[in-house]
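In the working numbering, the protein residues as written are -12 to 248.
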């Protein structure tokens, strides 16, 4: 199983377009946050900007995730490898599990590396101080009244980014297994992540807090705090996550192992 996962990791991460986009993402992340001590309230600005820009680059994060994952199964179909895989010793279920794990690891690695570059930039430009500042003191969370500290939010956001990567990876893998080409999973997966990011901005402020019920806000959890999403949103997101990562791999396996392919 380890060799299968390792092989799938190389397939996903070693594509030239993935490496280029990853490099561009890291470069972008390194310059988005960086107020020095000459700027008034520079620490507050750095940490507010960290959370603002992290959510702001969600479309780019979604794009690179789609590029990485949308063709995972369609590549196998186009190379007519499904019959051989299904007949092999490590076929069917093991391959699906390996692709699922490798896909989740790959997207998490890329997204988390970009996030950590931004975190380091914010902390270093703040002279490694201010991590105990409550979020309510930052303009980005000005109306939240939250006493969660910057450090706590950094950790929470890092965890939910990983969970979000796992969820969106499973969604895209299922779409890839269903489709005969990479276009459909790329477009549908992109809309699944990007549409709420766009639409929520045009909703009345009284309704925006329920954006917490969308997967993208679950992934970028700073939004739940910023808009004071109702407390019931958290257990709902947990239930949806558990159901999704249980059901979607089953769908993926059923479609990929189908003899009709």
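Just so it is clear, CB atoms sit at the ideal spot from N, CA and C, and this is done for glycine as well.
Quantities reported herein were computed from a predicted structural model and do not represent experimental measurements.
When burial is assigned at 16 or more other CB atoms within 10 Å of the CB, is residue 126 buried or exposed?
Locating residue 126 in the chain shown gives position 139, where the first residue counts as 1. Under this definition residue 126 is an exposed residue.
Exposed or buried, which one is residue 211 when buried takes at least 16 other CB atoms within 10 Å?
Position 224 of the chain shown, counting from 1, holds the residue named residue 211. Its Cβ being crowded by 16 or more others within 10 Å, residue 211 is buried.
Alpha carbon to alpha carbon, what distance is there between residue 244 and residue 44?
The residue given as residue 44 occupies position 57 in the chain shown. The residue given as residue 244 occupies position 257 in the chain shown. Residue 44 and residue 244: Cα-Cα distance of roughly 36 Å.
Would you check if the region 159 to 167 and the region 230 to 239 touch, i.e. whether three or more CB-CB distances between them fall below 8 Å?
yes
Have a look at 136, 221, 197 and 187 and flag the residue whose alpha-carbon is nearest the alpha-carbon of residue 123.
If you number the chain shown from 1, residue 123 lands on position 136. Nearest option by C-alpha distance: 136.
What three-state label does DSSP hand residue 109 in the structure shown?
Here residue 109 refers to the residue found at position 122 of the chain shown. Helix.
Do you know how far the Cα of residue 90 is from the Cα of residue 5?
Working through the chain shown from its first residue, we reach residue 5 at position 18. Working through the chain shown from its first residue, we reach residue 90 at position 103. So the alpha carbons of these two residues sit roughly 13 Å apart.
Can you give the Cα-Cα distance for residue 252 and residue 171, rounded to whole angstroms?
Residue coverage of the chain in this structure runs from -12 to 248, which leaves residue 252 outside it and unanswerable.
Check whether the region 138 to 155 touches the region -5 to 10, taking contact to mean three or more Cβ pairs, one atom from each stretch, closer than 8 Å.
no
Compute the beta-carbon to beta-carbon distance between residue 199 and residue 183, rounded to the nearest angstrom, for a pair I have assumed lies under 8 Å.
Taking the chain shown and counting its residues from 1, the one referred to as residue 199 is at position 212. Taking the chain shown and counting its residues from 1, the one referred to as residue 183 is at position 196. Rounded, the Cβ-Cβ distance is 11 Å, inconsistent with contact.
Indicate the three-state DSSP secondary structure (helix, strand or coil) for residue 156 in the structure shown.
Mapped onto the chain shown, residue 156 falls at position 169. Of the three classes helix, strand and coil, the one that applies to residue 156 here is helix, per DSSP.
State the DSSP-derived secondary structure class of residue -4, mapped to helix, strand or coil.
Counting from one through the chain shown, the residue named residue -4 turns up at place 9. Looking at residue -4 - three-state DSSP - the assignment turns out to be helix.
Determine, using beta carbons only, whether residue 49 and residue 151 come nearer to each other than 8 Å.
Taking the chain shown and counting its residues from 1, the one referred to as residue 49 is at position 62. Taking the chain shown and counting its residues from 1, the one referred to as residue 151 is at position 164. Contact: no.
At the level of alpha carbons, what is the spacing between residue 96 and residue 229?
One-based indexing of the chain shown puts residue 96 at position 109. One-based indexing of the chain shown puts residue 229 at position 242. So the alpha carbons of these two residues sit roughly 21 Å apart.
I'd like the list of long-range same chain contacts for residue 190, defined as Cβ closer than 8 Å, with 5 residues on each side in sequence excluded.
Indexing the chain shown from 1 puts residue 190 at position 203. For residue 190, where only same-chain residues beyond five positions count, the Cβ hits under 8 Å are 198.
So what's residue 201 in DSSP terms, helix, strand or just coil?
For the purposes of this step, residue 201 is taken as residue 214 along the chain shown, with counting starting at 1. In this structure, residue 201 counts as coil in the three-state DSSP scheme.
Go through its chain and collect everything with a Cβ distance to residue 208's Cβ below 7 Å, but skip five positions before and after it.
Counted from its first residue, the chain shown places residue 208 at position 221. These residues qualify, in order along the chain: 143, 144 and 147.
Buried or exposed, going by whether 16 or more other CB atoms sit within 10 Å of the CB of residue -6?
Position 7 of the chain shown, counting from 1, holds the residue named residue -6. Around the CB of residue -6, fewer than 16 other CB atoms lie within 10 Å, so the residue is classed as exposed.
Who are the near neighbours of residue 131 in its chain, counting only those whose CB is closer than 8 Å to its CB and skipping five residues on each side?
Working through the chain shown from its first residue, we reach residue 131 at position 144. Counting only Cβ-Cβ distances below 8 Å, and skipping sequence neighbours, we find 122, 123, 212, 213, 214 and 215.
Rank 47, 17 and 84 by C-alpha distance to the C-alpha of residue -4 and give the top, closest one.
Within the chain shown, residue -4 is the residue found at index 9, counting from 1. The shortest C-alpha separation from residue -4 is found at 84.
With a CB to CB cut of under 7 Å and the five nearest residues on each side skipped, what residues in its chain are close to residue 149?
As a position in the chain shown, residue 149 is number 162, starting the count at 1. Shown here for residue 149: same chain residues with a beta carbon closer than 7 Å to its own, the five before and five after excluded, namely 95 and 99 in chain order.
Short of 7 Å in beta carbon distance, which residues of its chain neighbour residue 254, apart from the five on each side in sequence? Order them along the chain.
Past the boundaries of the shown model lies residue 254; the chain is included only from -12 to 248, so the question cannot be answered.
Out of 17, 42, 112 and 114, state which residue places its alpha-carbon closest to the alpha-carbon of residue 205.
Along the chain shown, one-based indexing puts residue 205 at 218. Selected option, being the one with the closest Cα: 42.
If the criterion is Cβ atoms closer than 8 Å, does the pair residue 112 and residue 23 meet it?
Locating residue 112 in the chain shown gives position 125, where the first residue counts as 1. Locating residue 23 in the chain shown gives position 36, where the first residue counts as 1. In contact: residue 112 and residue 23 (Cβ atoms closer than 8 Å).
Quickly, what does DSSP pair residue 121 with across the bridge? List them, please.
On the chain shown, position 134 is the one that residue 121 refers to. Residue pairing of residue 121 in beta bridges, as defined by DSSP: 136.
Check this for me: beta carbons of residue 20 and residue 109, under 8 Å apart or not?
Position 33 of the chain shown, counted from the start, is the residue given in the question as residue 20. Position 122 of the chain shown, counted from the start, is the residue given in the question as residue 109. Yes, they are a contact pair.
Suppose the cutoff is 8 Å on Cβ atoms and the five residues either side in sequence are ignored; what does the same chain contact list for residue 177 look like?
Position 190 of the chain shown, counted from the first residue, corresponds to residue 177. Closer than 8 Å at Cβ, skipping near neighbours: 49, 50 and 53.
Within the continuous alpha helix (DSSP H) that includes residue 20, where are the two ends?
Residue 20 sits at position 33 when you count from the first residue of the chain shown. Counting along the chain, residue 20 falls outside any alpha helix (DSSP H), and DSSP gives it neither H nor E.
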